[in-house]
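Visitor:
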Amino acid sequence: MSDPLTAALAAWLLAAADQSLPLAAGSQPAALALQGGLAGVGEALFAALRWVLAQWYWLMDWAYYLSGLEMLNPRYRYMHRAVLVGLCVGVMAPLIGTFLVHRQLALIGDALAHTAFAGVAVGLFLNAVIDLGVSPYLTAVVVAMIAALFIELISETTDAYNDVSMAIVLSTGFALGTTLISLNAGGLAVGVNQFLFGSLSTVSPQSAGILLVLFVVIVGTVAVTRNQLLYVTFDETAAAVSGISVNWYNRVMVMLTAMVVVGAMQIMGVILVAAMLVVPVAGATQVSRSFTESLVVSVVLAELAVLLGIGVAYYGGVTAGGVIVLVAVGIYVCAVAVGKVQSARGGREVPEMESIETDDAAPDAGAGGD
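Just so we're aligned: the sequence shown equals residues 1 to 370 in the UniProt record's numbering.
Structure follows, in structure tokens:
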């Protein structure tokens with residue numbers, strides 16, 4: 001991470017604290033101490049991210065010396081970061097996608113990807129007009145999470161089906177993005193292709209750091225709320241009766257989806273990012289007997305697709321996102337064939353939703369309730 005980025009985050013934290021803390025008489029020292037603490041947290045966070053990236057570079061250097069793969073050459077740090085981002089996406093996308101597929105919300109990734117593009121456009125516009133200096137990926141995270149909440153809000157308040165709310169948010173987000181891009185303020189349209197189609201060469205230390213933070217938040221949240229999310233996924237009525245706040249966990253899921261979309265957008269692009277939420281999970285369900293097994297297999301398939309796709313993209317000089325999706329679809333076709341062979345031999349039956357649910361203990365009544 002660059003020192004200017006650290007300074008920018010510290011300044012942002014100080015400004016946020018200054019605006020959010022009304023100073024009563026005699027409270028200024030405490031407020032200043034809190035502001036200093038927030039700046040210290042920002043410094044510590046970026047120091048930790050710099051350390052993680054340094055260790056990753058060291059690991060990739062060893063991988064290069066052992067394998068001789070040119071794409072891992074120490075001169076190509078951007079490829080090291082691209083591999084790191086790809087591996088994280090290979091875990092995050094199927095981790096969330098498994099829940100989405102079983103909820104029949106496979107297309108929500110597409111809707112949030114288009115609104116994330118609007119977030120990128122907002123970031124580029126602000127940087128061009130007022131020289132804000134913020135990463136477009138940060139504004140994409142904020143806008144995508146707001147859009148995710150709007151999808152849930154529209155469904156809850158208007159009784160519209162989820163596909164209706166997704167269509168509304170998708171069209172609104174992409175319309176906003178294209179409008180801002182068309183303004184071409186200060187060359188705004190330059191470099192948009194990397195967000196639409198993804199790029200290996202533009203994975204900066206800053207964007208890799210954002211991805212690592214998202215990765216920790218997503219994996220940690222799923223680990224803590226897994227049972228509640230599982231219960232809500234398969235039986236919302238029973239979950240509500242047991243005291244679980246269904247609306248709350250639905251919002252958690254769509255916000256996590258927004259984070260995955262923005263993280264994967266770096267190498268997949270807006271147009272193809274939704275595929276990583278769905279295709280590996282669809283392949284895993286063809287050869288798995290339970291929800292947990294499906295989750296694990298989908299991560300393995302996603303990682304395989306990402307690594308093969310990045311390798312082919314580097315040596316073939318093509319766009320990584322498209323190759324990764326094509327490899328993932330090829331793996332899906334192979335998984336379907338394997339599943340058919342297993343079924344024909346009587347070694348596997350495709351599980352129903354109810355039988356998938358029984359392999360995981362339901363949460364205690366009242367867990368996560370209001």
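In this text, a Cβ means the ideal position worked out from N, Cα and C, and glycines have one as well.
Are the Cβ atoms of A82 and L272 separated by less than 8 angstroms?
Guide: Residue 82 sits at position 82 when you count from the first residue of the sequence shown. Residue 272 sits at position 272 when you count from the first residue of the sequence shown. Not closer than 8 angstroms, so no.
Visitor: Give me the Cβ distance between V299 and P136, rounded to the nearest whole Å; I'm assuming they're in contact under 8 angstroms.
Guide: Within the sequence shown, numbered from 1, the residue matching residue 299 stands at position 299. Within the sequence shown, numbered from 1, the residue matching residue 136 stands at position 136. Between P136 and V299 the Cβ distance is about 28 angstroms, and since that is not below 8 angstroms, they are no contact.
Visitor: Please report the straight-line C-alpha distance between T158 and M166, rounded to a whole angstrom.
Guide: Position 158 of the sequence shown holds residue 158. Position 166 of the sequence shown holds residue 166. Taking the straight line joining both Cα atoms gives about 13 angstroms.
Visitor: Taking the beta carbon of S155 as the centre, do at least 16 other beta carbons fall within 10 Å, making it buried, or is it exposed?
Guide: As a working mapping, residue 155 is identified with position 155 in the sequence shown. By the 10 Å Cβ count, S155 comes out buried.
Visitor: By how many angstroms is the C-alpha of A140 removed from the C-alpha of L230?
Guide: Here residue 230 is taken as the residue at index 230 of the sequence shown, counted from 1. Here residue 140 is taken as the residue at index 140 of the sequence shown, counted from 1. Distance between the alpha carbons of L230 and A140 is about 28 angstroms.
Visitor: How many Å lie between T285 and V89 at the Cα?
Guide: Start at 1 with the first residue of the sequence shown, and residue 285 comes out as number 285. Start at 1 with the first residue of the sequence shown, and residue 89 comes out as number 89. T285 and V89: Cα-Cα distance of roughly 19 angstroms.
Visitor: Just checking my contact of A320 with A313 at CB under 8 angstroms: how many whole Å lie between their CB atoms?
Guide: Along the sequence shown, read from residue 1 onward, the residue named residue 320 stands at position 320. Along the sequence shown, read from residue 1 onward, the residue named residue 313 stands at position 313. With 8 angstroms as the limit, A320 and A313 qualify as a contact, their Cβ atoms being about 4 angstroms apart.
Visitor: What's the C-alpha gap between G186 and I130?
Guide: Counting from one through the sequence shown, the residue named residue 186 turns up at place 186. Counting from one through the sequence shown, the residue named residue 130 turns up at place 130. Here the model assigns G186 a pLDDT of 48, short of 50, so the residue's position is not dependable, and the following value carries that caveat. Cα-Cα distance, rounded: 10 angstroms.
Visitor: Does the distance from the C-beta atom of L176 to that of I218 stay below 8 angstroms?
Guide: Position 176 of the sequence shown, counting from 1, holds the residue named residue 176. Position 218 of the sequence shown, counting from 1, holds the residue named residue 218. No. Outside cutoff.
Visitor: Is the region 109-117 touching the region 258-270 in the sense that three or more CB pairs, one from each, lie closer than 8 angstroms?
Guide: They touch, by the three-pair rule.
Visitor: In whole angstroms, what separates the C-alpha of A63 from that of A282?
Guide: Here residue 63 refers to the residue found at position 63 when the sequence shown is read from its first residue. Here residue 282 refers to the residue found at position 282 when the sequence shown is read from its first residue. Distance between the alpha carbons of A63 and A282 is about 32 angstroms.
Visitor: Identify whether L200 lies in helix, strand or coil by the three-state DSSP scheme.
Guide: As a working note, residue 200 is residue 200 in the sequence shown. Three-state DSSP puts L200 in coil, outside helix and strand.
Visitor: Tell me the rounded alpha-carbon separation between G269 and R345.
Guide: As a first step, residue 269 must be located in the sequence shown, where it is residue number 269. As a first step, residue 345 must be located in the sequence shown, where it is residue number 345. Each residue's alpha carbon lies about 40 angstroms from the other.
Visitor: Secondary structure at L23, three-state DSSP: helix, strand or coil?
Guide: As a first step, residue 23 is located in the sequence shown; it is residue number 23 there, counting from the start. Here L23 scores only 39 on pLDDT, less than 50, and its place in the model is too uncertain to base an answer on.
Visitor: Closest by CA to I146, which one among N127, T237, T172 and D163?
Guide: Within the sequence shown, the letter at position 146 stands for residue 146. For I146, the nearest C-alpha among the options comes from T172.
Visitor: Which residue wins for smallest C-alpha separation from A302, given the options R289, S288, G316 and L277?
Guide: Within the sequence shown, residue 302 is the residue found at index 302, counting from 1. Ranking R289, S288, G316 and L277 by Cα distance to A302 puts L277 first.
Visitor: Within its chain, find whatever has a CB closer than 6 angstroms to the CB of E152; leave out the 5 residues flanking it on each side and keep chain order.
Guide: As a working mapping, residue 152 is identified with position 152 in the sequence shown. Closer than 6 angstroms at the Cβ level, and outside the excluded window around E152, lie N250, R251 and V254.
Visitor: If the criterion is Cβ atoms closer than 8 angstroms, does the pair V297 and A328 meet it?
Guide: Numbered from its first residue, the sequence shown carries residue 297 at position 297. Numbered from its first residue, the sequence shown carries residue 328 at position 328. In this structure, A328 does not lie closer than 8 angstroms to V297 by Cβ.
Visitor: Closer than 7 angstroms by C-beta to Y332: which residues in its own chain qualify, once you throw out the five before and the five after it? Chain order, please.
Guide: Locating residue 332 in the sequence shown gives position 332, counting from the first residue. Closer than 7 angstroms at the Cβ level, and outside the excluded window around Y332, lie V279, A282 and G283.
Visitor: For T319, report the span of its alpha helix (DSSP H) as first-last.
Guide: Within the sequence shown, the letter at position 319 stands for residue 319. That residue, T319, is in no alpha helix (DSSP H); it is neither H nor E in DSSP.
Visitor: Quick one: grab the DSSP three-state call for Q266.
Guide: Taking the first residue of the sequence shown as 1, we reach residue 266 at position 266. It is helical.
Visitor: Label Q194 either buried or exposed according to how many other C-beta atoms from any shown protein chain fall within 10 Å of its C-beta, with 16 as the threshold for buried.
Guide: Residue mapping note: residue 194 aligns to position 194 of the sequence shown, counting from 1. Q194 should be labelled buried.
Visitor: Here's the rule: buried if 16 or more other CB atoms are within 10 angstroms of the residue's CB, otherwise exposed. What is Q19?
Guide: What you label residue 19 is simply residue 19 of the sequence shown in a count that begins at 1. Any reading at Q19 must be qualified, since the residue scores a pLDDT of 38, below 50, and its modelled position is unreliable; no value is offered.
Visitor: Taking a contact to mean a Cβ-Cβ separation below 8 angstroms, would you say G119 touches V134 in this structure?
Guide: Here residue 119 refers to the residue found at position 119 of the sequence shown. Here residue 134 refers to the residue found at position 134 of the sequence shown. Cβ distance not < 8 angstroms, so G119 and V134 don't count as in contact.
Visitor: Quick check on DSSP: helix, strand or coil for N127?
Guide: As a first step, residue 127 is located in the sequence shown; it is residue number 127 there, counting from the start. If DSSP states are grouped into helix, strand and coil, N127 belongs with the helices.
Visitor: What do you get for Q104, buried or exposed, if any count of 16 or more other CB atoms within 10 angstroms of its CB means buried?
Guide: As a position in the sequence shown, residue 104 is number 104, starting the count at 1. Exposed, since its Cβ has fewer than 16 Cβ neighbours within 10 Å.
Visitor: Residues in its own chain within less than 7 angstroms of R75 by CB, not counting five upstream and five downstream?
Guide: Within the sequence shown, residue 75 is the residue found at index 75, counting from 1. The answer is none, since no qualifying residue turns up.
Visitor: Consult DSSP for Y231 and reduce its assignment to one of helix, strand or coil.
Guide: The residue labelled residue 231 in the question sits at position 231 within the sequence shown. Three-state DSSP puts Y231 in a helix.
Visitor: Report all residues from its chain with a CB closer than 6 angstroms to the CB of L87; omit the five preceding and five following residues, and keep chain order.
Guide: Translated into positions along the sequence shown, residue 87 becomes position 87. So the list is empty, once near-sequence residues are dropped.
Visitor: With burial defined as no fewer than 16 other Cβ atoms inside 10 Å of the residue's Cβ, what is the status of V101: buried or exposed?
Guide: Translated into the one-based positions of the sequence shown, residue 101 becomes position 101. It counts as buried.
Visitor: Nearest to L295 by alpha carbon, out of I108, I181 and V91?
Guide: Here residue 295 refers to the residue found at position 295 of the sequence shown. If we check each option's Cα against that of L295, V91 comes out closest.
Visitor: Could you check whether G309 and V323 sit closer than 8 angstroms to each other, using their CB atoms as the reference points?
Guide: As a working mapping, residue 323 is identified with position 323 in the sequence shown. As a working mapping, residue 309 is identified with position 309 in the sequence shown. In contact: V323 and G309 (Cβ atoms closer than 8 angstroms).
Visitor: DSSP three-state label for S67, please.
Guide: Counted from its first residue, the sequence shown places residue 67 at position 67. Helix.
Visitor: CB-CB under 6 angstroms to M60, same chain, minus the five flanking residues each way: which ones, in chain order?
Guide: To locate residue 60, count along the sequence shown from 1; it is residue 60. Excluding residues within five positions, the ones whose Cβ falls inside 6 angstroms are L72 and H80.
Visitor: Do V85 and L211 come within 8 angstroms of each other at the CB atom, strictly closer than that value?
Guide: To locate residue 211, count along the sequence shown from 1; it is residue 211. To locate residue 85, count along the sequence shown from 1; it is residue 85. Contact flag set, yes.
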